[in-house]
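Protein chains in written order, with our numbering: chain A, 1 to 116; chain B, 117 to 230.
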């Protein structure tokens, strides 16, 4: 049973437009969320994170929004660039305060293609 | 600063064999985590080592084991290989154990079991 779901396996957008990648989770105990980007033949690279005490975190062109009541988060990329073409993974974890449960639970990823 | 390195990059084995994968973390990093990535399951956590001790373990059978050396380098071993073990095995290192730290991933070892 996937606790972290990325329901869109792929997304295609035009260069300069906004890319919105979505992620849903089922475990209400998750309180820390991360986005990773992965190019072919490379490992995932940390992109941006958000704690459950916030509903938005911004870093340059990347913004993550968290809606705890809906158990939903999204990654916005504005403006999208061809170099952003990659697979994006959403990951979630429980707080360290919940015990020795530091595992990250990952979604299956969304492949983003930004067309010039 | 050199990144996380994993050796070998590609490996082909047959069912029943055993395999050892190696991971060298970024200099100064003491935490090493291992993940298995398959198309259908995504990234699944295998285990985490910190200061030569296994601190956390995922839901994998005992055929999967690992260890960490005093220089923080880590190895994982899979015994009695099955076809379903074919996957990309990723290693990630971080300075500390807090999840808020960034994890830096290596390029992975692609294991194919025939």
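Even glycine gets a Cβ: it sits at the ideal position worked out from N, Cα and C. If you're wondering where the values come from, they're calculated on a predicted model, not measured in any experiment.
Discussion item. Suppose you measure from the CA of residue 104 of chain A to the CA of residue 44 of chain A; what does that come to, to the nearest Å?
Written reply: 13 Å
Fill in: beta strand (DSSP E) segment containing residue 31 of chain A, residue limits
30-38
Worksheet item: Helix, strand or coil: which one does DSSP assign to residue 109 of chain A?
Response: DSSP places residue 109 of chain A in coil when its eight states are reduced to three.
Worksheet item: For the segment 21-44 of chain A, which residues have a CB atom closer than 9 Å to at least one CB atom of chain B, in sequence order?
Response: Hits within the stretch, in order: 32, 34, 36, 38, 41, 42, 43, 44.
Discussion item. Taking 6 Å as the limit between beta carbons, can you name the residues of its chain near residue 219 of chain B, skipping five residues before and five after?
Written reply: Residues of the same chain with a CB within less than 6 Å of the CB of residue 219 of chain B, apart from the 5 flanking positions on each side, are 208, 210 in chain order.
Worksheet item: Should residue 93 of chain A go down as buried or exposed, given a rule of 16 or more other Cβ atoms within 10 Å for buried?
Response: buried
Worksheet entry | Where the segment 46-57 of chain A meets chain B: residues whose CB sits under 7 Å from a CB there | 46
Worksheet item: Is DSSP giving residue 197 of chain B helix, strand or coil here?
Response: In the structure shown, residue 197 of chain B sits in coil (DSSP, three-state: anything other than H, G, I, E or B).
Discussion item. Which residue marks the beginning of the beta strand (DSSP E) containing residue 86 of chain A, and which one marks its end?
Written reply: 86-94
Worksheet item: So, does the CB of residue 98 of chain A fall closer than 7 Å to a CB anywhere in chain B?
Response: Reliability of the predicted coordinates at residue 98 of chain A is poor, the pLDDT of 46 falling under 50, and the value obtained from them is presented with this limitation in mind. No, residue 98 of chain A does not count as interfacial toward chain B.
Discussion item. Am I right that residue 23 of chain A and residue 74 of chain A are in contact with their C-beta atoms under 8 Å? What's the rounded C-beta distance?
Written reply: Confirmed, about 7 Å.
Worksheet item: Cβ of residue 168 of chain B less than 7 Å from any chain A Cβ?
Response: no
Item to complete: My understanding is that residue 85 of chain A touches residue 114 of chain A, with C-beta atoms under 8 Å, so please give their C-beta distance in whole angstroms.
Response: 5 Å between Cβ atoms; contact.
Worksheet entry | Contact set between residue 89 of chain A and chain B, taken where Cβ atoms lie within less than 9 Å | 158, 159
Worksheet item: Tell me, which residues are paired with residue 212 of chain B by DSSP?
Response: Per DSSP, none; premise fails for residue 212 of chain B.
Worksheet item: Is it a yes or a no for the segment 196-203 of chain B touching the segment 119-138 of chain B, going by three-plus beta-carbon pairs under 8 Å?
Response: Three or more pairs of CB atoms, one per stretch, sit closer than 8 Å, so the segment 196-203 of chain B contacts the segment 119-138 of chain B.
Discussion item. Check whether chain D comes within 7 Å of residue 71 of chain A, counting only Cβ atoms and requiring the distance to be less than that.
Written reply: Among the chains of the structure shown, chain D does not appear; the protein chains present are A and B.
Discussion item. I'd like to confirm something about residue 5 of chain A: is its beta-carbon nearer than 6 Å to some heavy atom of the ligand NAD, or not?
Written reply: Among the components modelled here there is no ligand, and therefore nothing to report on the ligand NAD.
Worksheet entry | Nearest neighbour of residue 173 of chain B, chosen from B:118, B:192, B:120, B:125 [CA to CA] | B:192
Discussion item. Let me check one thing: in DSSP terms, what residues is residue 123 of chain B bridge-paired to?
Written reply: B:138
Worksheet item: Which value, in whole angstroms, describes the spacing of the CA atoms of residue 170 of chain B and residue 138 of chain B?
Response: 16 Å
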